[in-house]
Amino acid sequence: MQDPNRIIDISGSSVIDLKAELFKQKEEFQKQKAAANNQPVSAALRKSVKKPGLWDNQNKGVNERSRRDELEIIDAPTLEASRIAMERKAKLYDQLIKTGIDDETLAEEILVDFDRKALENLSDMNNEENEEKGNEEDEDPWVEYIDEFGRTRMCRKSQMPEEILPTSNGVGEETSINSEEISFMEQEKNEWEKAALEELKNGPIHYDETKEIRTKGVGFYRFSQDEKEREEQLRALKEMRIETEVKRAGYTSVKDKRKAQLDLRMATIRAKKQKASVKNLQTSDKIIETNSIKESQKSLAVDKSHESINNNGNNNNVTLDVTLDVNALLSDIRKQVESQSSTEYKS
């Protein structure tokens, strides 16, 4: 839009012509006004009333048909294009009102100040929201009331309990409690105070299972209402507890001792088994060694016999001496093994 404060350059002759035309129109208007005040109807303005002639009457429906013919000239595509153009212009107008104009060239060509309209629209929306909030607060204001426990509360008027009714005193609405409710609360308070005083007089307060309607467990123990008898029951329970704890500790100590003995016995048995396995391995090794010696002696004796046979019996004495030496060596080894096994078995 063009700046309303912008100065437009106009020539002096154009201003004079405009003033002259305005003065002329004012004079004519004054003349007509004066003539109308002096005469009821001016002759120049009076219309001639003539009686309609025979040929002046028109047929019925001529004007209606002519009007329909004029409308038919505007075809449907033209109307549809006009409607689309108007909707597009309306959307553009609403958008410009909301956002304003960013293009400076377009702002110069448009004669409407959309920036000002956008600000006015925003302010109008804020005012409407404030008015709605104010109306909501007026319709549902915050009120203060006292509940059944004597506590002061704040809430909306629509959320106030039905039992508490608000009262008005001409200046503003203030909440209060009905006289019946006040009397009921006072009565309950007096009953509580009376029960508390009775309990203090009777002595210390203890649990009363008769006031609870429920099934008690297996470990439930009912104490006496008499204070002395109750103390005796408590003392007996404490003694039973101490005795149970002592017996439990003794049982655990005996159990631990038995477990230690069993562990020691298992350790000794395990050691003996390990020793026996070692002995078996040693004896098996010695037996294998003696068997290998015997085989070697047999092979040697066979070789010697073959040599002696080949040498025509010259070396018979030598073979007999070797056989005797081998038998003596085997007997010594067997004695050592038997003596070692006997000593290990005794240990």
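Letter by letter, the sequence shown follows residues 563 to 909 of the numbering used here.
We treat Cβ as the ideally placed atom computed from N, Cα and C, and that holds for glycine.
Let me check one thing: in DSSP terms, what residues is residue i bridge-paired to?
i: residue 706; result: 716
Would you please verify whether the beta carbon of residue i is less than 8 Å from any beta carbon of chain D?
i: residue 790; result: Among the chains in the structure shown there is no chain D, since it carries only a single protein chain.
Taking the Cβ atom as the reference point for each residue, do residue i and residue j lie within a distance shorter than 8 Å?
i: residue 704; j: residue 713; result: no
i: residue 892; j: residue 852; result: yes
i: residue 778; j: residue 771; result: yes
i: residue 767; j: residue 761; result: yes
i: residue 782; j: residue 795; result: no
i: residue 710; j: residue 687; result: no
Cβ of residue i within 7 Å of any heavy atom in the ligand SAM?
i: residue 838; result: For the structure depicted, the ligand SAM is absent and the ligand set is empty, with no information on it obtainable.
TODO: With a floor of 4 residues, list each alpha helix (DSSP H) that falls wholly inside the segment 735-808, ordered by position along the chain.
DONE: 741-764
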